[in-house]
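Numbering (the UniProt record's numbering), first residue to last: 1 to 373.
This is the structure in structure tokens:
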């Protein structure tokens, strides 16, 4: 009987020791985080970081718990994005081989993140008994964005656009002032004073429209860089071009679409017997796009250099604001046309639906589908 009891006791201690080995912590690194809650123009806010020595305990597993919405960088490389509370469990040797480094500079970005929210350790076994992470990620979503490359591209593109605007202001000061005056967004002067803008295919107008389309191309490319980086990489691999070349080609493509848009407005205005209204209609919406686009790019530039990790959320908010701002602009255009034109309201409403609202909503739905693909 004593031998049986002794065997049971030994078996109990064996199981306990096995569980302890499975959860044995070789090195707890959770207290090594450096908290950086504030930042300057070129430093990201709300980040914690520390150096992890990959040369010690190479056969152990690196255990890392991060809260949802955290972007994790390995040095300057965007390692992965935690869409939900995530537990990363990787062998230290495999991480060192993947990154080709003996020391890992680990940086976590999240608004308001605190060191106590991120547990990190080198362990033996496959899991910690007291882990509180609700989601265990076996394969973490890898992302290949290069922060510096995107920032450099955005800076060069903005400098190029500003230089083109300066050249345009010197060459065509009157048109430049006419198209950028903010009061034009709430004024119906375009319907009575558009004599200088009655030739769409003149050099001054086409040049201005091209600059505006460079704005749109930059906004589109920046959005795709965060929502569809795979699409950007596929284009770059197939045609072997830089982001600058893609941006310029996008500006030319948007210019072609803008010409088609103007011709469509002109045709619909002709069918509704609205003589010359297509010019006021088109250039009002162009002014609307210019001001909203400049505001979007200003906000985007701030977050790009200060809170890169939150660009996905910021771009989503900005595009939503742009969508509603454009719809409000179309409504204001409808009110202006009612005040200036002797047409029945339902005729004008039908005209704007066919010429503006339907194409815009179809395009917006296509953009949303592209981002969710």
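Heads up, the beta-carbon is just placed ideally off N, CA and C, and yes, glycines get one too.
Residue 27 is a Cβ neighbour of residue 57, given a cutoff of 8 Å.
Nearest to residue 121 by alpha-carbon distance, out of 158, 96, 62, is 62. The Cβ atoms of residue 150 and residue 223 do not sit closer than 8 Å to each other. Under the Cβ criterion (8 Å, minimum of three pairs), the region 303–316 does not count as touching the region 262–273. If the five residues before and after residue 70 are omitted, its C-beta is found closer than 6 Å to the C-beta atoms of 82, 108, 110, all from its own chain and listed in chain order. Judged by DSSP secondary structure, residue 159 falls within the alpha helix (DSSP H) whose first and last residues are 147–171. Relative to the Cα of residue 215, the nearest Cα in the group 312, 117, 255 belongs to 255. Linking residue 342 to residue 266 through their CA atoms gives a straight-line distance of about 19 Å.
When rounded, the separation of the alpha-carbon atoms in residue 308 and residue 300 is 10 Å. In terms of Cβ geometry, residue 105 and residue 96 do not form a close pair [threshold 8 Å]. Beta-bridge partners assigned by DSSP to residue 86: 66. Linking residue 348 to residue 290 through their CA atoms gives a straight-line distance of about 24 Å.
Going by DSSP, residue 103 is part of the beta strand (DSSP E) stretching over 103–109. Around the CB of residue 35, fewer than 16 other CB atoms lie within 10 Å, so the residue is classed as exposed. The DSSP-derived three-state label of residue 28 is strand. Per DSSP, residue 123 is one residue of the beta strand (DSSP E) stretching across 119–123. If you ignore the 5 residues before and after residue 317, its C-beta comes within less than 6 Å of no other C-beta in its own chain. Partner residues in the beta bridge of residue 51, as assigned by DSSP, are 105. Contact annotation: residue 118 and residue 211 have beta-carbon atoms that are not nearer than 8 Å. Rounded to the nearest angstrom, the Cβ distance from residue 351 to residue 274 is 7 Å, consistent with a contact under 8 Å. For residue 161, the CB contacts under 8 Å within the same chain, skipping 5 residues up- and downstream, are 211, 214, 215, 218 in chain order. Nearest to residue 281 by C-alpha distance, out of 46, 204, 332, is 332. Non-local beta-carbon contacts of residue 124 in its own chain, meaning distances under 7 Å to residues more than five positions away in sequence, involve 21, 24, 26, 60 in chain order. Remark: C-beta atoms of residue 276 and residue 179 do not approach each other more closely than 8 Å. By the neighbour-count criterion, in which a residue is buried when 16 or more other Cβ atoms sit within 10 angstroms of its Cβ, residue 242 is exposed. A check of alpha carbon separations from residue 337 across 169, 298, 64, 269 identifies 269 as the nearest. If only complete runs of 4 or more residues are kept, the region 219–266 shows the alpha helix (DSSP H) at 229–239, in order along the chain.
Here residue 355 is buried, its C-beta having at least 16 other C-beta atoms within 10 Å.
Distance from the CA of residue 249 to the CA of residue 258, rounded to the nearest whole angstrom, comes to 14 Å. Around the beta carbon of residue 311, a 10 Å sphere encloses 16 or more other beta carbons of the protein chains shown; the residue is thus reported as buried.
For residue 320, the enclosing alpha helix (DSSP H) covers residues 311–340.
Ranking 79, 271, 116, 227 by CA distance to the CA of residue 67 puts 116 first. Annotation for residue 291: the continuous alpha helix (DSSP H) segment containing it runs 277–306. Residue nearest to residue 157 within the set 246, 320, 94 is 246 (criterion: CA-CA distance). Residue 314 holds the alpha-carbon nearest to the alpha-carbon of residue 298 among 314, 176, 284.
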